[in-house]
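Since the structure comes first, as structure tokens, the remarks are kept for the end.
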Amino acid sequence: MKAALATPEPIIVPAERGLARLATLVATFGALWFVLCRQLSGEWSVNEQYTYGWFVPFFCACLFWLRWEDRPEPEVRGQRSEVGDQRPEVRGHRAQVRSHIAMTVAAVALLLLLPLRVFEIGNPDWRPLGWIHAAIVVTVTLLALWWAGGRAWLRHFAFPVAFIFVAVPWISPVEQPLVQGLMRGVAAAATEALALCGTPAQVEGNLIRISSGVVGVNEACSGVRALQTALMIGLLFGELKRFSPGRRVGLVVVAIALSILANFVRTFLLVLVAA
């Protein structure tokens, strides 16, 4: 009777502890992504060329959720390795090394955010800082996925996490030559098309001189915004359909070509009406 009374009751670990850890993890990464999107939103608000960036974070979340629904089984630390080594000490050592690498790189990346935020506050319009910030957040997120589920999760969730890069404004050494090249290319193509239609026109850089005056092909008519939007839509559609890498590249190329063609047709019609 006394022995029965002295038997200790089993200790029940509350489920709230696991939920609290999960909530803390979600809040931490949510804060990282919120700060990144807030930093990029300045360019999204003032530059019409990047207004599509407001939709990209929601697309990232949607793509991540779709990937989460069919995620592979995580690589448990005790399971057999890919090379067939079943020794427990080897498996444990590899898991420990993976954990140390992930934590070290993540800690270094997070420490870089402190001076980076100082530079961002002082130079909010300097675009390379946005790329560095996005690279840090994406790296930390992918490291967390790699630590939690191994290479299987890293490969599975890489695209939704890295999709945020399509919303990062391009640096000026890349953007300006592209804008100037598209403006001159569209102006030259429209001039040739007008000549074929019997309308005399002369191209002067990004200007088209016609009998009634001069029509300028500015940044809005260059097709850069349509090109960037087409790039985003092509990548998004390829991920939704889970196309192969080759088909995704082809889809992006077709989307970009169609955007340039549509912009050329618009410019041609505007100049034709003005003539």
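Note that the sequence shown covers residues 12 to 286 in this note's numbering.
Backbone N, C-alpha and C fix where the C-beta goes; we use that ideal spot for every residue, glycine too.
Check: Which same chain residues end up closer than 6 Å to L262 when comparing Cβ atoms and leaving out the 5 residues on each side of it in sequence?; Outcome: G245, G249
Check: Quick one: which unbroken alpha helix (DSSP H) runs of 4-plus residues sit fully inside the stretch 162 to 243? Chain order, please.; Outcome: 183 to 207, 230 to 233
Check: Check whether the Cβ atoms of L36 and L247 lie closer than 9 Å to each other.; Outcome: no
Check: Short check: CB of I175 to CB of V46, under 9 Å?; Outcome: no
Check: Take every Cβ of the stretch 147 to 161, pair it with every Cβ of the stretch 109 to 128, and state whether three or more of those distances are shorter than 8 Å.; Outcome: yes
Check: Is the distance from the Cβ of A159 to the Cβ of P85 below 9 Å?; Outcome: yes
Check: On the CB-based measure, 16 or more other CB atoms within 10 Å of its CB, does L30 come out buried or exposed?; Outcome: exposed
Check: For P290, which of helix, strand or coil comes out of DSSP?; Outcome: Residue numbering for the chain in the displayed model covers 12 to 286; residue 290 lies beyond these limits and cannot be assessed.
Check: Beta-carbon within less than 8 Å of S223's beta-carbon, same chain only, minus the 5 sequence neighbours each way: which residues are those?; Outcome: A285, A286
Check: Look up W137 in the DSSP assignment and say whether it is helix, strand or coil.; Outcome: coil
Check: Enumerate in chain order the residues of its own chain whose CB-to-CB distance from R195 is below 7 Å, with the five nearest sequence positions on each side excluded.; Outcome: G216, N217
Check: Whose C-alpha, out of M114, H111, L251, Y63, is nearest the C-alpha of V235?; Outcome: Y63
Check: Using the Cα positions of L140 and T278, report the straight-line distance between them to the nearest angstrom.; Outcome: 35 Å
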